[in-house]
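See below for the structure under consideration.
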Ligand SMILES: Cc1ncc(C[n+]2csc(CCOP(=O)(O)OP(=O)(O)O)c2C)c(N)n1
Ligand SMILES: Cc1ncc(C[n+]2csc(CCOP(=O)(O)OP(=O)(O)O)c2C)c(N)n1
Ligand code: SF4
Ligand code: SF4
Ligand code: SF4
Ligand code: SF4
Ligand code: SF4
Ligand code: SF4
Ligand SMILES: [Mg+2]
Ligand SMILES: [Mg+2]
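Residue numbers (the numbering used here), protein chains in the order written: chain A, 199 to 559; chain B, 199 to 559; chain C, 3 to 78; chain D, 3 to 78; chain E, 74 to 260; chain F, 74 to 260; chain G, 201 to 460; chain H, 201 to 460.
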């Protein structure tokens, strides 16, 4: 069994990237995720796996570097936090449009604006509805532990290349900054040039080999008919993701009369609420979406047969709650509880909210 | 009565800005809205009203110029189209956080990515859910005619200063590029320095006058408690907007059995659908949200008592339809119809969709 | 003595009638047609074919790559 | 002959003990306290007050603006 | 009365301004108008077209798929727009540079040899006004005095002296329109 | 067993690494652990704190408002964290620089004069290990041999020779802890 | 001799390189973009490096360069081509990577990406087509627009008091140690074309030698934006652009060229 | 004479300007930011222009400058202070507008805004505190980091082969015609402070005369980022930073200063 390490979420993510055979990382420092690039610079994977690590001049440059490497068939990633991710929206929309596989990590802090550097989940809308322009979606993974910060890297690349789409790992300051035990998978070598020619030579700009058409990476279709076709192609992928690659976890849901829906750090905290509630005799379960898009719509609908009410718990003023409401089609009451601005809710607060909003009413 | 002119929507918006006593415009060219800055440069308001017009080096610079002038108590605006608006997301989030009054115009084109320059409404999510990071909203106006492109400028500034918030005018290539009749309001002089000191001297950075505290424009609160307070203050404003400044229009709804919900150019096209439908004996009405946030939730809920189904018509793969669904709480069927990628739906197509999705089913 | 003679072939449909090829031609061989092509442009042609030296100047500067140049030596 | 004498007042709670004021003091007057202030810093004080010329160097370079300088002329 | 019209041709043929003058003329007679151009880089040396609607009522959709009238000034536009004329409608075209002439039988088709007429008048700029004349001959949607007013509105002051020349061109167009295919019964 | 602990003090006091060594020690005895620091610019010359949880079960929330134990190393932290100790819990503090001593009666309060003990040992760096010793004396959540292992894991190889010194410091802490307020009944 | 006798395969001395596709260029008649495209493709063909070349197209009139250049290409967001190229060159160190950018793209919105790619000395070639205007969007003022020159956003001529002087970004980046070759050319006459091609060739050769970044500015016309006929625009360019944007070498093999 | 006799209001010769608030500076002990703050405030106080001055704070350690400077201030997004200042200066042409920025802010993410504000010759003063590192975020490499200098993202020292040479953006923008004054200073000794203050004063005076843009670089320490004690950091700065970032005037009254 692999060695157990104690690491920060950000560091675990960086280490996992090296081990996942990632070819390149481009990023710009910002709290609370600068450990990602710092760890990589310290480890110097350039000397071992050959992974390129470059500090870009800005987030805008970084995301466009990701565009370039992804378009050339490489496994490439970037990470940032909220304001930096906002700056990347044009680039992300381009990548979705050009159908480029890459991994973007957002270790969310409290906004809007410069806000605070403390943890938050208020970038949910931006992540799942499309913070950039146009009709597109990202495949969004929400790790809730240091172990998942590590594991999701490989998962994210798998999805990125399966669908040729940018994948977002939506983390937050808690998960990024905390240390927990983590175990890493075996090293996975970077693709050789030949492997890339074989795997991605039919679309990536690896140099036009004899006998094939030139490969073009673009999100432009001046002709609207073609552009609509492109968007429909994207939508088909998104439908397939919903079918094949939805992920979620249920905790103590078997006999639950009330359901908490929470992801990431909120799910960790809400898990304690579940225990507190059960200690008081209130049967609460937790549904933790691991993918935020696709969202466990059907599963939530299923629960409407069982539970009396649902509480969406997020470190925001209420964003995911809309998706929960859309999913359950108003069959049971859906309420929101959340703190914002970097304040982290306590398990006790959540229990209070649940009682007040769903039970006492 | 004021003279009737024939103008493009973009030009009418620019002329209205001059007449509304706007102090400054900062922008960067992009199709289909470059006429805004071109018109202003041609008219040289600098020589008449003293309005500053500057072509910035990028959209990022432009939005931050808007931040600066707004923070100094001036009426300031910018305009762009989808990719440029994505680049502005960090700046917009900052302005929401710093509570700055300003007007941002998005003349939407088809995305994602570079996409097409043809009209689209696929930036709805970005506009109303928050394309930038953090918990915030914009007051969003959606003009559906050249006349409204003109009128909304003054309306937008009124809201911007009433709530000290950035206001988005969400237009599209149809409304921006078409010419129609337009009549302008009387010239409204720019605020004098003294007026600004009086009106905004309590918050804007106009130079610290004796006897008052210094004014600070910032979106930063390193202390989470303060940051949460800031966000709560924002949420209070948004609630007030819903109470006091919601706008919408209903067309032929009195006896409607089916309701189309559409805004901007789609509303224009759907209006023709209403006529076509009624000619066929199908009683269709149109609800046109004029503000997309706040959204006419209660009004839609009211209509669930009257209509058999609702069709959300947008030049997108389905974005506003989520807000319609959230509003009507699943009391009547809600369907979406829309084209994307720059294709504009025809009145006939919309009627077909209505019949197939809501009536035949 | 050997002399060099040349000829050009203009792809009429590619030509956009920009006339950029005219001033670079020493012997002043190129003129524009009075007809227009499918795209509505007057296209270039050799008005004085005999004087062409096949120097390639016109081909080199043609933005649309519409000109192909041939050259051969002939005994005087 | 007139002589100039000076004195400084250090705001102990503002001082962060950075010692930047020490090397700019010609007469080498400033030392750091052995106690710490509320923030945990050793703060500056005049070890040899008599030699201070009130030249203001220390005040000028103090990043935290913790030093106030006084000066007066006295007859020798 | 509602007239839904498309004008399509090369960028340099004055397509957009013809539409604009028509729209202004409509305003002069108190009509509702809309003018919706194609736009963007495909205009570069390529085609341009504009949809103009004149109506006595509030105009809903400014964007249309089918038209009462199509004015077509080059082959690409013919390929694209011949079939967008409503049955019983009108297609007016300049035969110059047209290699595949319109074949529809359910509409009325007219020709106006505006390219040559403009050369005759020694001023290529009046090309679109000749077209205008031909159009107004068969579809008198706006009165000539309102066109004059429309011209005044849409031309910068310094060009107002050219208005008589433009009116002449309109007359020329009216006088020289040719009927290719008169619609017998349908309309 | 679950121990929920906060350690709070100045940035330079080794607060975070103390927590890390504890967490690593927990891992050495097969426990679940979490280590959640405060982070950000307020750390600049200011305070730092870290929440450490050691448990035999899967840890849910790594972020807590109430603690079994608080280790407090400066006045600001005392102000902020005295009241976060659960009734019946433990508060351990270094009296150095503390002007307002803790007043709670429902918890057990200990002092460890680690600043002076570290000076005595002639090495300021062992400060946090003295604290560790005092803590382990009253809350033996990890065994000493696991601490040694934890130190090995968390210190870079080149510092391993300092481990004996650290163990000495832990011993010093264990030997010098002072009970200020023994909780009589409550616990 | 009859023309037809000359036109034989064995007498062919110039034809469009095969690396230009058969698609009709989207450029206006006489626009220098087409000529510049040909040059780059000729160099790649002559060096025989098409299998190892990746181009990056900008946003600007040449956004569709990938329709015309028969090589693998990426279309970058407006101004970001140097960042895109950086990543390709770093992850594929043995490829030839070039960007093709306009002046709005490179010197306005892309300023930071340009300067930092140059400063890092990325092993790429930048082809910078400076026509002093935003061609694509309809002739707006660029940072490179000449003083007094009209454009759709400076209809009365560029006013340097309010908008600053034209930015010579080429000279600016030449000073950066990471930059290996910098020169300025034109492509409206055969002589200029030949010089420009030589410089491009050297740039790609130096890529092979991993020497760092080559930036080649091509001062070009924009008939549409300048509202001129092509020949007239080329004359105007010679008279007005060249005196300000002096042609010639600026930095060669890492050494600044001293001009008197 | 007793100390207490000297400490009388009439003998006061130096105290912190009243335009510095009483808030404790958020800077590390000995950080030059505090001294630089004082200088700017002293100039504004001495010129009596507080009622007409607007400052723009960056994102960086000095993000909270508005907590310490008792004047109206805006906090700009990372790198965008020159754009923010541009708008304030243009819409309030009679105000004194300055930005206060770090090297990451001004020379990395803000490169485009810096260059274009300079090129347009905005009537503003830019105070540019170059400590060769990203202080705020924990000591990452900046474009200005010296070769071989360690930072948290160049833990083995900056490798110029991969990251380029330190960017002297000050020299770069000095070449732009819109820029009126450029100089480089330090604030760790009284002599340096006095020179720096003179330059800042001249900058604000030239704002009054509407001369255009003044950029003042202050080479400063970052004890935390450099992992040194304050005094040690100042010595290191003199030995390592000053030889590379030469102090002195670079451009005065629109004229480049020739250095031998
Ligand atoms: C983010 C963004 N901003 C603006 C635009 C609009 N835009 C397209 S091309 C262009 C300018 C191109 O000018 P230049 O780079 O000089 O190229 P040219 O067309 O002159 O060759 C602009 C502003 C865009 N597509 N994306
Ligand atoms: C868009 C964005 N990117 C990154 C950051 C994170 N960040 C804050 S300060 C800073 C660097 C500051 O360095 P510098 O400008 O040199 O200032 P110093 O702290 O050294 O004075 C960075 C990268 C941010 N807040 N916003
Ligand atoms: S090849 Fe030379 S001589 Fe012949 S037509 Fe072309 S330019 Fe003229
Ligand atoms: S240069 Fe080419 S496109 Fe232009 S006229 Fe000559 S042949 Fe035609
Ligand atoms: S005023 Fe001058 S002499 Fe007195 S302590 Fe300060 S530096 Fe020393
Ligand atoms: S310079 Fe100021 S803060 Fe530093 S030691 Fe001296 S008095 Fe204290
Ligand atoms: S607009 Fe200008 S740059 Fe663009 S293709 Fe036309 S001439 Fe060339
Ligand atoms: S981190 Fe560096 S720049 Fe920031 S306050 Fe500390 S010493 Fe100053
Ligand atoms: Mg250009
Ligand atoms: Mg710095």
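Think of the CB as a built atom: it goes at the ideal place given N, C-alpha and C, for glycine as much as any other residue.
Between the CA atoms of residue j and residue i - distance to the nearest angstrom
{"i": "residue 149 (chain E)", "j": "residue 85 (chain E)", "result": "14 Å"}
{"i": "residue 549 (chain A)", "j": "residue 471 (chain A)", "result": "6 Å"}
{"i": "residue 234 (chain B)", "j": "residue 14 (chain D)", "result": "59 Å"}
{"i": "residue 4 (chain C)", "j": "residue 55 (chain C)", "result": "12 Å"}
{"i": "residue 260 (chain F)", "j": "residue 298 (chain B)", "result": "Here the model assigns residue 260 (chain F) a pLDDT of 41, short of 50, so the residue's position is not dependable, and the following value carries that caveat. Looking at the two C-alpha atoms, the distance is approximately 54 Å."}
{"i": "residue 196 (chain E)", "j": "residue 38 (chain C)", "result": "19 Å"}
{"i": "residue 481 (chain B)", "j": "residue 558 (chain B)", "result": "15 Å"}
{"i": "residue 180 (chain E)", "j": "residue 254 (chain E)", "result": "8 Å"}
{"i": "residue 219 (chain F)", "j": "residue 77 (chain F)", "result": "18 Å"}
{"i": "residue 214 (chain A)", "j": "residue 389 (chain A)", "result": "16 Å"}
{"i": "residue 350 (chain G)", "j": "residue 340 (chain B)", "result": "34 Å"}
{"i": "residue 115 (chain F)", "j": "residue 70 (chain D)", "result": "Residue confidence for residue 115 (chain F) is low, a pLDDT of 48 falling below 50, so the modelled location carries little weight and cannot support an answer."}
Near ligand 2: residue i beta-carbon under 7 Å from a heavy atom
{"i": "residue 378 (chain H)", "result": "no"}
Closest by C-alpha distance to residue i, when choosing among the options
{"i": "residue 250 (chain G)", "options": "A:431, A:315, A:407", "result": "A:407"}
{"i": "residue 102 (chain E)", "options": "E:217, E:234, E:252", "result": "E:217"}
{"i": "residue 259 (chain H)", "options": "A:240, A:314, A:245, A:301", "result": "A:314"}
{"i": "residue 161 (chain G)", "options": "G:247, G:254, G:312, G:210", "result": "It is not possible to answer for residue 161 (chain G), since the shown part of chain G is limited to 201 through 460."}
{"i": "residue 458 (chain B)", "options": "B:376, B:417, B:556", "result": "B:556"}
{"i": "residue 414 (chain A)", "options": "A:270, A:218, A:260, A:212", "result": "A:270"}
{"i": "residue 400 (chain H)", "options": "H:328, H:226, H:344", "result": "H:328"}
{"i": "residue 254 (chain B)", "options": "H:274, H:285, H:241", "result": "H:285"}
{"i": "residue 255 (chain H)", "options": "H:308, H:289, H:391, H:352", "result": "H:289"}
{"i": "residue 408 (chain H)", "options": "H:226, H:325, H:388, H:315", "result": "H:325"}
Residue i Cβ short of 7 Å to ligand 5 heavy atom set
{"i": "residue 203 (chain H)", "result": "no"}
Mind listing which residues have their beta carbon within less than 7 Å of any non-hydrogen atom of ligand 9? Chain order is fine. Cβ atoms closer than 7 Å to ligand 9 belong to G:260, G:302, G:303, G:304, G:329, G:330, G:331, G:332, G:333, G:334, G:335, G:342, G:422.
So, does the segment 318-332 of chain A touch the segment 323-330 of chain B, judging by three or more C-beta pairs under 8 Å? Taking 8 Å as the limit for Cβ pairs, the verdict is that the segment 323-330 of chain B does touch the segment 318-332 of chain A.
Within the chosen definition, does the segment 15-25 of chain D reach the segment 437-444 of chain G through at least 3 CB pairs nearer than 8 Å? Verdict: no, contact absent.
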